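Per the numbering used here, the very first residue in the sequence shown carries number 1142; after that it's consecutive.
Here the structure comes first, spelled out in structure tokens, and everything after it is commentary.
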Amino acid sequence: MAIRTPVIAGNWKMNTDVVSGLELAREILEQSDGITGVEKIVCPPFVALAGISELLGGSSVHVGAQNVSANENGAYTGEISTSMLEGLVSHVIVGHSERRALYNETSADVAAKAAAVVSAGLIPILCVGEALEIRQAGNAISFVADQLESSLAGYTAWESLIVAYEPVWAIGTGEAATSEQAQEMTAVCREVIRKLAPNAADSVRVLYGGSVNSGNIDELLEQPDIDGALVGGASLKADEFSKLITAAGSA
Ligand code: PEP
């Protein structure tokens, strides 16, 4: 079985500004640059990417975007294309549940974005996850399997893919999934990848996301199919985020 380097990725969402974002990135770099055996990624808001990318360039902390347009440059007011991100980021989050729920992004949209990301030589962090009603109805496994399969329609760049299982009910609620639930669902994600690309399943990193913090990270990382975390709230505090990086580095 392939050895998968764990990933700790921070999704800052619509928080920080140019100045405070740069300061947060500087603190994260100071506290975590020396930690090895883990891939570190921060995903700041678009306006902070240029400064943060300059600050972190050549360091062990990678920079990602939180979203991107599937379209090339042109008449798409307010959108950001992959070509605008080249040189600034190495990763792009696609299909975050907030984008799916608040901006009506479908899995077909997510598949198109993932393809655009790969065409630009960047790595997608592709998110899937069920809402509470779906879990309560007992349909979490089939929902997430279908959502991941359709979000990966036409995908071929298996060597550069990160998947994040993020149950909607656990995001920003302080109610993380149990490590058993997270393991069950990340294993489902890996089986979907195995069906689509048998040779890639053991090397694609599958992350868990949803109220991860320094109190629950160790148990999550002990699970065989969890290769790290996509982190919202806890990524906005350099010391807490660095604790997650430390836990993954020594996991
Ligand atoms: C997220 O937004 O991807 C996330 C997991 O948020 P939080 O860690 O705050 O639950």
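Think of the CB as a built atom: it goes at the ideal place given N, C-alpha and C, for glycine as much as any other residue.
None of these values were measured; they are calculated from a predicted model.
{"Asked": "Where Leu-1263 sits in the DSSP three-state scheme", "Found": "coil"}
{"Asked": "Member of Ala-1370, Leu-1302, Gly-1374 whose CA lies at the smallest distance from the CA of Ala-1389", "Found": "Ala-1370"}
{"Asked": "Supposed close pair Val-1269, Gln-1288 - CB separation, criterion 8 Å", "Found": "5 Å"}
{"Asked": "DSSP three-state assignment for Leu-1229, whether helix, strand or coil", "Found": "coil"}
{"Asked": "Any non-hydrogen atom of ligand 1 closer than 7 Å to Val-1372 Cβ", "Found": "yes"}
{"Asked": "Cutoff 8 Å; reference Ala-1211; Cβ partners in own chain excluding five residues on either side", "Found": "Asp-1250, Ala-1253, Lys-1254, Ala-1256, Ala-1257"}
{"Asked": "Closer than 7 Å: Gly-1313 CB and nearest ligand 1 heavy atom", "Found": "yes"}
{"Asked": "Cβ-heavy atom distance, Glu-1271 to ligand 1, below 7 Å", "Found": "no"}
{"Asked": "Whether Val-1183 touches Ser-1376 by CB criterion (8 Å)", "Found": "yes"}
{"Asked": "beta-carbon Lys-1154 near ligand 1 non-hydrogen atom, thresh 7 Å", "Found": "yes"}
{"Asked": "Three or more C-beta pairs below 8 Å linking the region 1337 to 1354 and the region 1306 to 1317", "Found": "yes"}
{"Asked": "DSSP state of Ile-1393 mapped onto helix, strand, coil", "Found": "Coverage of the chain is limited to positions 1142 through 1392, which leaves residue 1393 absent and any answer about it impossible."}
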